[in-house]
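Residue numbers (our numbering): 2 to 511.
Beta carbons: idealized from backbone N, C-alpha and C, even for Gly.
Everything on this sheet refers to the single structure shown next.
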């Protein structure tokens, strides 16, 4: 017995071909969303006073390059400390190992240019994802563009080539997916376990996803949608299992928990301190904080609970630790844009035809489709920036005004010395003098509260500083010029100033 398949009618074939042709045409036709993404890169890293080098203002980049080099050289992930002489062979979990390998691989292939370009592109994608999330939430197009750019200013605090960029990007993607899913159920939520598995090997910030999922479960119940709560519960379980796909298994989770519970450690790290609202990014964050809390109150009146719970939870976290301000902005910006849109449209409805408000509203409506589509031109534009930006605009090293670049170059013996210096400078020297350099301590968080307290006393020149250096048989001290520790060393007969410049002073033990 045989069967045959009836051929599609000619009109059906034509419609299928037209649909395929239309899809290809959309991918090949540039959009305003593409232009926005490229404009963010230009605005952030290719204008006067900024530049790609700003991504290397934090020494964390250097320590991750050193860790990545070690992993690539040894073909395995270290389980004990290979970088300090104060904690030799101490147990250590490098939970950002994936980021370190990626950074080191990019550095080997393209130099620091490759590292800053990928991180800059991630930032541009992050801001573009925020824009798309705002549009998914129903926000006005032009207002969304404005809020996304303001969010970029608030996020400047963490515009560094560091693994935390993965957390900001993945969190923004998750928020976009959840925004779409709460409007109309989508299977895209089931891509999140895959994202979580990758995320857990790049940065410990993946834990924020579970706070988000917990809010979705509780908020869905409060909103009278138990089926959604059950669905998000299953999604939480899938994502939790995905986090176990890492080289350390459940040990990763225990190490992160131990770190978060170590208040003595976090209290001594600047980015864990409360915001001061004295810098431009923190002032933009303050604006989002005020608008976000206002939006949260309005949403509660509408019997919506997921968004207010997210806003209140992350607002509290951001007020206790400035590093969480970027998390708040990523989650709050789309909600702020959506609520501002309600106010904007209520005002526009009261305006006469032909008014500026009506014209802007119509323009925003007409341009919306061009901002909700991405094409291959975005990729082509990124490639053009990478390939054709003049070499002089790419960094070839770290900023000598922020790091002891010149002094370290004059003293190669530091690579084998028992050296004390600041955590940021230690990061730089571990990268610069890899694999020979060992340091007193660096920017990793495994040293513990006791060591952080000792280091704080040293940097401030407090009593007992000399005994601390002698305890670890320190032979050299590299300190910022004019620091309190430098003053104590100059007064001591046991230490001699051997070199100095505008950035640093180098002392050797007599």
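*For residue 30, which of helix, strand or coil comes out of DSSP?*
The residue labelled residue 30 in the question sits at position 29 within the chain shown. Residue 30: coil per DSSP, three-state reduction.
message: Starting from residue 485, trace the alpha helix (DSSP H) in both directions and tell me its first and last residue.
response: Translated into positions along the chain shown, residue 485 becomes position 484. From DSSP, the alpha helix (DSSP H) with residue 485 extends over 485 to 492.
Check: Considering residue 510, what are the terminal residues of the beta strand (DSSP E) in which it resides?
Finding: Counting from one through the chain shown, the residue named residue 510 turns up at place 509. From DSSP, the beta strand (DSSP E) with residue 510 extends over 505 to 510.
Query raised in the report: Going along the chain, which residues of its own chain have a beta-carbon closer than 7 Å to the beta-carbon of residue 340, five neighbours each way excluded?
Result: Along the chain shown, read from residue 1 onward, the residue named residue 340 stands at position 339. Same-chain partners within the cutoff: 296 and 299.
Note to self: Looking at the strands, I want to know which residues DSSP matches up with residue 477.
What the structure shows: Along the chain shown, one-based indexing puts residue 477 at 476. Beta-bridge pairing links residue 477 to 420 and 509.
* Asked: Mind checking residue 317: buried by the 16 CB within 10 Å criterion, or exposed?
  -> Within the chain shown, residue 317 is the residue found at index 316, counting from 1. Classification of residue 317: exposed, given that the 10 Å Cβ count is below 16.
Requested in this report: Could you give the DSSP three-state label for residue 330: helix, strand or coil?
Outcome: Along the chain shown, read from residue 1 onward, the residue named residue 330 stands at position 329. Reduced to three states, the DSSP call for residue 330 is helix.
Is the Cβ-Cβ distance between residue 289 and residue 360 less than 8 Å? Within the chain shown, the letter at position 288 stands for residue 289. Within the chain shown, the letter at position 359 stands for residue 360. Going by C-beta atoms, residue 289 is not nearer than 8 Å to residue 360.
Ignore the nearest five residues each way along the sequence and tell me which others in residue 236's own chain have a CB closer than 7 Å to its CB. Translated into positions along the chain shown, residue 236 becomes position 235. If we look at residue 236 and ignore the five residues flanking it on each side, its Cβ neighbours are 190, 193 and 214.
| Per DSSP, what kind of secondary structure is residue 114 in: helix, strand or coil? | Your numbering for residue 114 matches position 113 in the chain shown. Helix.
message = Using 8 Å for Cβ pairs, my map puts residue 1 next to residue 374. What's the rounded Cβ distance?
response = Here the chain comprises residues numbered 2 to 511, so residue 1 is not present and cannot be evaluated.
Minimum C-alpha distance to residue 147 - residue among 335, 21, 219 and 243: Start at 1 with the first residue of the chain shown, and residue 147 comes out as number 146. It is 335 whose Cα lies nearest to the Cα of residue 147.
Quick check: the Cα distance between residue 3 and residue 188, rounded to an integer number of angstroms? The residue labelled residue 3 in the question sits at position 2 within the chain shown. The residue labelled residue 188 in the question sits at position 187 within the chain shown. Its pLDDT being 45, under 50, residue 3 is placed unreliably by the model, and the measurement read from it follows with that caveat. Distance between the alpha carbons of residue 3 and residue 188: 38 Å.
Using only the alpha-carbon positions, how far apart do residue 115 and residue 108 sit? Numbered from its first residue, the chain shown carries residue 115 at position 114. Numbered from its first residue, the chain shown carries residue 108 at position 107. Computed Cα separation, rounded: 6 Å.
Report task. Can you give me the Cβ contacts of residue 309 inside the same chain, cut-off strictly under 6 Å, excluding the 5 residues immediately before and after it? Result -> Along the chain shown, read from residue 1 onward, the residue named residue 309 stands at position 308. Same-chain partners within the cutoff: 297, 300 and 301.
> Is there contact here, the region 137 to 152 with the region 94 to 103, by at least three beta-carbon pairs under 8 Å?
Replying inline: no
Item to check | Inter-stretch contact (C-beta, 8 Å, three-pair minimum) for the region 389 to 402 and the region 445 to 458 | outcome: no
query: Per DSSP, what kind of secondary structure is residue 388 in: helix, strand or coil?
result: Sequence index remark: in the chain shown, residue 388 carries index 387 (1-based). DSSP places residue 388 in helix when its eight states are reduced to three.
> Does the separation of the CB atoms of residue 276 and residue 320 fall below 8 Å?
Replying inline: Residue numbering aside, residue 276 sits at position 275 when the chain shown is read from its first letter. Residue numbering aside, residue 320 sits at position 319 when the chain shown is read from its first letter. Yes, the pair counts as a contact, with Cβ atoms nearer than the cut-off.
Option nearest residue 446 by Cα separation, candidates 414, 286 and 261
Position 445 of the chain shown holds residue 446. Answer by Cα proximity: 261.
Quiz item: Skipping 5 residues on each side, what residues in its chain have a beta carbon closer than 7 Å to that of residue 490?
Solution: In the chain shown, counting from the first residue as 1, residue 490 sits at position 489. Taken in chain order, the residues that qualify are 478, 496 and 508.
My understanding is that residue 56 touches residue 120, with C-beta atoms under 8 Å, so please give their C-beta distance in whole angstroms. Working through the chain shown from its first residue, we reach residue 56 at position 55. Working through the chain shown from its first residue, we reach residue 120 at position 119. About 5 Å; that satisfies the 8 Å criterion.
- Buried or exposed by the 16-neighbour rule on C-beta atoms within 10 Å, applied to residue 105: On the chain shown, residue 105 is found 104 positions in, with the first residue counted as 1. By the 10 Å Cβ count, residue 105 comes out buried.
Item to check | Other residues of its chain near residue 132: CB distance less than 6 Å, five sequence neighbours each side excluded | outcome: The residue given as residue 132 occupies position 131 in the chain shown. These residues qualify, in order along the chain: 145 and 149.
* Delimiting residues of the beta strand (DSSP E) encompassing residue 498 -> Locating residue 498 in the chain shown gives position 497, where the first residue counts as 1. Here the beta strand (DSSP E) through residue 498 covers 496 to 501.
inquiry  = So, at 7 Å on beta carbons, what are the nonlocal neighbours of residue 313 in its own chain, with the 5 sequence-adjacent residues on each side left out?
reply    = Position 312 of the chain shown, counting from 1, holds the residue named residue 313. So the qualifying residues of the chain are 297.
- Is it true that the CB of residue 439 sits closer than 8 Å to the CB of residue 37? As a first step, residue 37 is located in the chain shown; it is residue number 36 there, counting from the start. As a first step, residue 439 is located in the chain shown; it is residue number 438 there, counting from the start. Against a cut-off of 8 Å, the Cβ pair of residue 439 and residue 37 comes out as no contact.
Practice problem: Starting from the Cα of residue 181, find the closest Cα among 485, 134 and 196 and give me that residue. | Solution: In the chain shown, the residue the question calls residue 181 occupies position 180. Cα-wise, what sits closest to residue 181 is 134.
Whose C-alpha, out of 71, 428, 511 and 77, is nearest the C-alpha of residue 248?
Indexing the chain shown from 1 puts residue 248 at position 247. It is 77.
Practice item. Measure from the alpha carbon of residue 54 to the alpha carbon of each residue in 79, 240, 332 and 113, then state which is nearest. Key: For the purposes of this step, residue 54 is taken as the residue at position 53 of the chain shown. Closest by alpha carbon: 113.
Excluding the 5 residues flanking residue 416 on each side, which residues of the same chain have their C-beta closer than 7 Å to its C-beta? Within the chain shown, numbered from 1, the residue matching residue 416 stands at position 415. Excluding positions up to five away in sequence, the list reads 434, 437 and 438.
Short Cβ contact (8 Å threshold) for residue 482 with residue 510: Residue 482 sits at position 481 when you count from the first residue of the chain shown. Residue 510 sits at position 509 when you count from the first residue of the chain shown. The answer is no: Cβ separation not under 8 Å.
Integer Cβ distance of residue 383 from residue 29, believed to fall under 8 Å:
On the chain shown, position 382 is the one that residue 383 refers to. On the chain shown, position 28 is the one that residue 29 refers to. Residue 383 to residue 29, Cβ: 16 Å. No contact.
_Neighbourhood of residue 369 by C-beta distance below 6 Å, restricted to the same chain and skipping five residues each side_ = Here residue 369 refers to the residue found at position 368 when the chain shown is read from its first residue. Here the set comprises 142.
Can you grab the Cα-Cα spacing for the pair residue 74 / residue 254, in whole Å?
On the chain shown, residue 74 is found 73 positions in, with the first residue counted as 1. On the chain shown, residue 254 is found 253 positions in, with the first residue counted as 1. Their backbone Cα atoms lie some 27 Å apart in a straight line.
Exercise. For residue 153, which beta-bridge partners are listed by DSSP?
Worked result: Within the chain shown, the letter at position 152 stands for residue 153. Partner(s): none; residue 153 has no beta bridge.
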